[in-house]
Amino acid sequence: MTGSSRSKLVTWGLIVGALSIWEVGVRVGNMPPYLLPAPSLILHTLVQNFSTYLQASLITFGEALLGLLIGTCVGILIAVLVTFWPGLEHGVMSLAILVKSTPLVAIAPLLTIWLGFGWQPKVIITALVTFFPVLVNVLVGLQTITPSLLDLFHAWQANRWELLWHLRLPHSLPYVFAALKVSTPLALIGAIVAEWTGASGGLGRLMWLAYTNLNLPHLFAAIFILAAAGMLLYQGTTQAEKRLVFWYTSS
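Numbered continuously in the UniProt record's numbering, the sequence shown closes out at residue 251.
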């Protein structure tokens with residue numbers, strides 16, 4: 001058995017073990033479903049309402065991925081601009097920290113009032129959540145270049161665009177994937193929080209309705225979907241990193 005197989009086996013063992021302890025604890029403690037439903041009841045609820053959760057998941061995941069894409073592109077673009085013009089760094093980072101420090105619960109209702117209950121507020125909130133980790137990590141990757149390599153490119157009389165394309169961007173790829181490992185789960189959180197403030201569909205809306213009706217099996221079913229999606233997206237990002245940044249991950 002390879003190391004990767006053992007790691008997956010251990011992971012699944014921990015998940016199954018935790019769910020088993022949860023199931024036994026609920027049954028032994030005779031916990032009512034409106035306080036803590038058993039995993040078996042949650043899975044039964046999920047299977048019974050599969051089409052509803054599937055439709056809601058597609059809405060939420062679409063908003064999260066689009067917001068992640070926009071946030072990542074904006075973060076990379078700003079990092080490149082700051083690298084070209086270092087004098088912008090203090091002002092740009094101050095503004096970025098200001099946006100990052102503003103609570104989502106304060107921004108999301110305003111965007112819902114201004115833009116309505118469609119997908120636009122959710123995508124904007126998700127982009128705001130995800131762009132800061134990308135900006136910080138990519139900026140570090142673009143700026144921390146080995147001096148000997150930088151001297152070599154200068155000896156070849158490379159201009160700043162050639163430095164960017166052939167040296168700085170390849171060097172920053174591990175930092176990009178490090179940022180994505182943080183931003184990808186945050187994208188799901190951003191979409192859910194935005195849907196709580198007002199939405200016509202999505203997992204966030206289902207969770208809010210379940211919460212207001214104390215329907216915890218439905219609430220936990222949505223949580224299970226989000227947890228599974230977060231794990232899959234993280235693993236997908238890790239696999240993409242291994243394939244695209246092979247010179248870094250194999251060292």
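Ideal Cβ placement from N, Cα and C applies to all residues, glycine included.
Note that the structure is predicted; figures quoted are calculated from it, not measured.
Exercise. By Cβ distance, which residues of its chain are closer than 7 Å to residue 108, with the 5 residues on each side in sequence left out?
Worked result: The residues are 121, 125, 193, 194, 197.
Problem set entry | residue 72 vs residue 134 beta-carbon contact at 8 Å | Cβ atoms of residue 72 and residue 134: closer than 8 Å.
Exercise. What residue does the alpha helix (DSSP H) around residue 95 start on, and which one ends it?
Worked result: Element bounds for residue 95: 89 to 101.
Exercise. Helix, strand or coil: how does DSSP classify residue 231 here?
Worked result: The answer is helix: DSSP assigns residue 231 an H, G or I state.
Exercise. Near residue 222, which residues of its chain fall below 6 Å by C-beta distance, leaving aside the five closest residues on each side in sequence?
Worked result: The answer, listed in chain order, is 203, 206, 207.
Problem set entry | Whole runs of the alpha helix (DSSP H) within the region 151 to 189, excluding any shorter than 4 residues | List check, alpha helix (DSSP H) in window: 160 to 163.
Problem set entry | Length of the line joining the Cα atoms of residue 8 and residue 235 | Their backbone Cα atoms lie some 11 Å apart in a straight line.
Problem set entry | the region 139 to 148 / the region 173 to 180 touching (three or more Cβ pairs under 8 Å) | Between the region 139 to 148 and the region 173 to 180, the count of C-beta pairs closer than 8 Å reaches three or more; the two stretches touch.
For this session: Please report the Cβ distance between residue 219 and residue 210, rounded to the nearest whole angstrom; I am assuming they are in contact, meaning their Cβ atoms lie under 8 Å.
Result: Rounded to whole angstroms, the Cβ separation of residue 219 and residue 210 is 4 Å, and the two are in contact under 8 Å.
Problem set entry | Alpha-carbon to alpha-carbon, residue 167 and residue 13 | Computed Cα separation, rounded: 43 Å.
Problem set entry | Spatial distance of residue 40 from residue 23 (CA atoms) | Here the alpha carbon of residue 40 sits roughly 7 Å from the alpha carbon of residue 23.
Exercise. Among the residues of its own chain, which have a CB less than 8 Å from the CB of residue 49, if the five just before and after it don't count?
Worked result: So the list reads 218, 221, once near-sequence residues are dropped.
For this session: Could you tell me the distance, in whole angstroms, from the CA atom of residue 25 to the CA atom of residue 15?
Result: Distance from the CA of residue 25 to the CA of residue 15, rounded to the nearest whole angstrom, comes to 15 Å.
Exercise. Near residue 227, what residues of its chain come up, given a Cβ to Cβ distance below 6 Å and the 5 sequence neighbours on each side ignored?
Worked result: In its chain, beyond the 5 residues on either side, no residue has a beta carbon closer than 6 Å to the beta carbon of residue 227.
Exercise. Which residue comes first and which comes last in the alpha helix (DSSP H) that contains residue 142?
Worked result: Run containing residue 142: 120 to 143, per the alpha helix (DSSP H) assignment.
Exercise. So the alpha helix (DSSP H) residue 105 belongs to, where does it begin and stop?
Worked result: Note, residue 105: alpha helix (DSSP H), 104 to 115.
Problem set entry | Spatial distance of residue 21 from residue 43 (CA atoms) | If I take the Cα positions, the gap works out to 16 Å.
For this session: Return the residue from the list 240, 190, 239, 244 that minimises the CA-CA distance to residue 100.
Result: Measuring from the Cα of residue 100, the nearest candidate turns out to be 190.
Exercise. If you drop the 5 nearest sequence neighbours on each side, which residues of the same chain put their C-beta closer than 8 Å to that of residue 251?
Worked result: Confidence in residue 251 is poor, its pLDDT being 43 and thus under 50, which makes the residue's placement unreliable; the coordinate value appears in the next sentence. If we look at residue 251 and ignore the five residues flanking it on each side, it has no Cβ neighbours.
Problem set entry | Exposure label - residue 59; buried when at least 16 CB within 10 Å | Under this definition residue 59 is a buried residue.
For this session: Counting only the same chain and skipping the five closest in sequence on each side, list residues whose C-beta sits under 8 Å from that of residue 27.
Result: Excluding the 5 residues flanking it on each side, residue 27 has same chain C-beta neighbours closer than 8 Å at 38, in chain order.
Exercise. To the nearest whole angstrom, what separates the beta carbons of residue 70 and residue 127, a pair I think is in contact under 8 Å?
Worked result: By a beta-carbon distance limit of 8 Å, residue 70 contacts residue 127. Their separation comes to about 4 Å.
For this session: Mark residue 52 as exposed unless 16 or more other C-beta atoms lie within 10 angstroms of its C-beta, in which case mark it buried.
Result: With fewer than 16 Cβ atoms within 10 Å of its Cβ, residue 52 is classed as exposed.
Exercise. For residue 137, is the classification buried or exposed, using 16 other Cβ atoms within 10 angstroms of its Cβ as the cut-off for buried?
Worked result: Residue 137 sits buried, since 16 or more C-beta atoms from the chains shown fall within 10 Å of its C-beta.
Exercise. Rounded C-beta distance between residue 200 and residue 117? I'm assuming under 8 Å.
Worked result: Sure, about 5 Å apart at Cβ, within 8 Å.
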